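Notes to accompany the following structure.
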Amino acid sequence: MKSWRFKEIVVMAALAVVFGVVYLAFLPVGGVLAGLMGPIGYDFIFGIWFIVSIIAAYIIQKPGAAFLSETIAAMIEVLLGNAVGPMLIVSGMIQGIGAEAVFAATRWRNYSTWVLMAAGMGSAVTSFIYGYFMSGFAALATGYVAAMFVVRLLSGALIAGLLGKALSEGLASTGVLSSFALGKQQRKKNAA
Amino acid sequence: MFLQQLNPSLKALTIMVFIIFLATIFEPITPLLFLIWTVLITFLFGKVSWKKYLLYFSPFFIFALGMLWTSIAFADPPINPDEAINILSWSLPTENVLTALALALRVLNVAALSLLFVFTTNIVHFILSMMQQLKLPPRIAYAVLAGYRFLPMIRDELKIIHDAHLIRGVNQAKTPKEKMQNYKRYAIPLLASAIRKAERTAIAMESKGFTGDKNRSFYRQFTIGKLDFIFPLIMLIGFATAFFVSKQLGF
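Here the protein sequences line up with chains U and X, keeping their order. Going by this note's numbering, the residue at position 124 of the first sequence is 263; the numbering climbs one at a time, nothing skipped. Going by this note's numbering, the residue at position 58 of the second sequence is 225; the numbering climbs one at a time, nothing skipped.
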């Protein structure tokens with residue numbers, strides 16, 4: 140926590156508010172899909188719920204960014220009046236750990252497209268293990284559970300990884316990130 | 168009104184513990200009885216409005232129904248395939264139906280537990296109490312509370328961006344597809360202004376002496392007293408009874 144500037148934490152909270160609204164908006168979408176297809180309905184759009192981790196980690200590039208941002212996003216979702224309640228904070232932390240583990244494996248140095256996609260998949264893995272236990276997927280047929288897992292991995296890589304990267308770079312090109320790691324990198328690249 | 172006066176952190180931890188307990192149950196009787204218990208406690212001690220409760224609870228019914236039919240359709244192969252029950256002229260293995268009912272009731276019970284918390288807790292107090300009882304670092308707690316305050320500003324900002332685009336003649340979306348494209352155009356400016364606001368807020372807080380030090384004083388103090396432990400006890404009695412009854416019924 141010592142290496143963090145307060146500014147960076149508040150920026151994560153601001154990102155969390157914007158995506159908290161998006162997250163909440165996608166809950167009923169997932170609910171309808173799940174009503175039609177069963178729990179796999181959520182997996183198609185699951186990546187959207189990991190996107191803050193990817194954006195915050197890519198922008199700030201410090202150990203803990205993926206984990207903290209997803210935890211903060213979960214707390215803000217509870218504040219915004221989510222009916223999921225306090226358990227949401229636990230699931231946010233678990234999603235954050237998955238992405239954080241991938242960034243940790245590169246020692247928080249590599250933020251290439253592949254790493255960002257892998258981080259989205261990391262969140263998919265941890266959130267799936269959690270869901271497997273909490274929602275009782277053990278009672279479902281192995282094939283169905285495997286399909287859910289594959290869909291969630293893809294969703295994590297594409298929605299969280301690729302969309303998160305595109306949004307972060309779009310933001311960097313506006314110049315608002317000039318005092319953050321990603322903004323500095325882009326400026327160097329443009330100067331060269 | 169007793170539920171409103173409990174320490175928010177302890178109440179949240181109690182809810183979480185029982186949600187984890189529920190995850191270990193694969194028969195329908197325990198979650199059914201505990202669901203009834205949870206709803207009963209909510210209305211007896213929470214003074215919650217019926218209409219609002221039903222409004223929040225109904226989406227979970229859709230999810231529970233989805234869970235019910237997929238858990239039957241995509242169930243693990245049953246151990247005793249000969250035991251079957253007939254529903255609407257379909258013959259379904261009893262075991263699969265019971266497991267599916269258990270999972271659907273679990274969804275409803277988790278929802279009821281969460282709503283008990285949400286309807287009887289001021290969430291700002293919850294965050295403050297997390298800082299005082301659960302060692303949440305003040306820098307994170309106050310960043311979250313500041314972030315929460317951005318919400319109305321973000322709504323205004325969205326309106327401003329919308330109008331700015333309209334003035335320049337790029338915002339005459341009519342079809343849903345065009346509206347989606349509009350949201351794409353809003354994303355970057357909206358996030359950019361949120362980041363600028365966050366930076367300014369952080370600087371303002373620090374310039375007024377916010378250091379994030381853990382040894383700070385609090386205007387609103389939260390404590391855990393003996394009364395706070397009555398709630399976990401009540402819930403434990405309910406869960407233990409439900410579990411015992413279901414064992415007696417042979418599950």
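By construction, the Cβ of each residue, glycine as well, lies at the ideal position given by its N, Cα and C atoms. All values derive from a computational prediction rather than experimental measurement.
Nearest to Pro225 (chain U) by alpha-carbon distance, out of U:Gly237, U:Ala195, U:Ile211, is U:Ile211.
For Gly309 (chain U), the C-beta contacts it makes with chain X under 7 Å involve Ile355, in order along the chain. Your pair Glu239 (chain U) and Ala205 (chain U) checks out as a contact, with CB atoms roughly 4 Å apart and the cut at 8 Å.
Residues of chain X whose Cβ lies closer than 8 Å to the Cβ of Phe145 (chain U) are, in chain order, Arg306, Ala310, Ala369, Met372, Glu373, Phe377, Gly379.
For Gly259 (chain U), the closest of U:Glu209, U:Lys201, U:Ala331, U:Lys327 by C-alpha to C-alpha distance is U:Glu209. Under the 10 Å beta carbon count, Trp188 (chain U) is surrounded by 16 or more other beta carbons and is classified as buried. Where Pro260 (chain X) is concerned, the enclosing beta strand (DSSP E) starts and stops at 257–260. Per DSSP, the unbroken alpha helix (DSSP H) holding Pro167 (chain U) starts and ends at 145–176. DSSP places Thr205 (chain X) in the uninterrupted alpha helix (DSSP H) bounded by 196–213.
At least 7 Å separates the CB of Thr265 (chain U) from every CB of chain X. In chain order, Gly180 place their CB closer than 6 Å to the CB of Leu172 (chain U), counting only its own chain and leaving out the 5 sequence neighbours on each side. If one requires a minimum length of 4 residues, the alpha helix (DSSP H) runs lying completely within the stretch 325–388 of chain X are 343–374, in chain order. Phe411 (chain X) sits away from Phe201 (chain X), with the two beta carbons spaced by 7 Å or more. A distance below 8 Å between beta-carbons, with the five flanking residues on each side excluded, links Phe389 (chain X) to the following residues of its chain, in chain order: Asn174, Pro175, Ser176, His292, Leu295, Ser296, Gln299, Gln300. In the DSSP secondary-structure assignment, Ala251 (chain X) is bridged to X:Pro260.
Taking C-alpha positions only, Leu333 (chain X) is separated from Phe183 (chain U) by approximately 34 Å. In this structure, Lys146 (chain U) lies near Ala369 (chain X), with their beta-carbon atoms less than 7 Å apart. Each of X:Gln171, X:Gly417, X:Ala359, X:Leu403 was checked against the Cα of Leu189 (chain X), and the nearest Cα belongs to X:Leu403.
Taking a contact as a CB-CB distance under 8 Å, the pair Ala153 (chain U) and Ala269 (chain X) does not count as one, their CB atoms being some 42 Å apart.
At a beta-carbon threshold of 7 Å, the residues of chain X lying near Phe272 (chain U) are Ala190, ordered along the chain. Fully enclosed alpha helix (DSSP H) runs of no fewer than 4 residues occupy 190–199, 204–218, 226–244, 252–273 of the stretch 188–273 of chain U, in order along the chain.
Among the residues facing chain U, Arg383 (chain X) is not included, as its CB has no counterpart in that chain under 7 Å away.
Between the stretch 215–232 of chain U and the stretch 179–189 of chain X, the count of Cβ pairs shorter than 8 Å is three or higher; the stretches touch. Cβ-Cβ distances below 8 Å link Glu373 (chain X) to nothing in the same chain once the five nearest sequence neighbours on each side are left out. Taking a beta-carbon distance threshold of 7 Å, Ala407 (chain X) does not count as an interface residue toward chain U.
For chain U, the residues of the stretch 258–283 of chain X that bring a beta carbon within less than 9 Å of one of its beta carbons are Asn263, Thr266, Ala267, Ala269, Leu270, Arg273, Val274, Val277, Ala278, Leu280, Ser281, Leu282, Leu283, in chain order.
Close CB contacts of Ile193 (chain U) within its chain, under the 8 Å cut and outside five residues either way in sequence, are with Ala205, Ala238, Leu255, Ala258, Gly259, Ala299, Gly300, Gly303, Lys304, Ser307 (chain order). With a cut-off of 8 Å on Cβ pairs, the stretch 196–211 of chain X is in contact with the stretch 267–282 of chain X, counting three or more such pairs.
Residue contact with chain U for Asp395 (chain X): absent (no Cβ-Cβ distance below 7 Å to any residue of chain U). Around the C-beta of Met347 (chain X), fewer than 16 other C-beta atoms lie within 10 Å, and the residue is accordingly described as exposed. If you compare the alpha carbons of X:Arg316, X:Glu262, X:Glu345, X:Gly233 with that of Ala365 (chain X), the shortest gap goes to X:Arg316. Pro399 (chain X) and Ala280 (chain U) have their C-alpha atoms some 36 Å from each other. Contact note: Trp236 (chain X) reaches chain U through Gly177, using a C-beta cutoff of 8 Å and chain order. With a threshold of 7 Å between beta carbons, Met183 (chain X) makes contact with chain U. Under the Cβ criterion of 7 Å, Val315 (chain U) is counted among the residues facing chain X.
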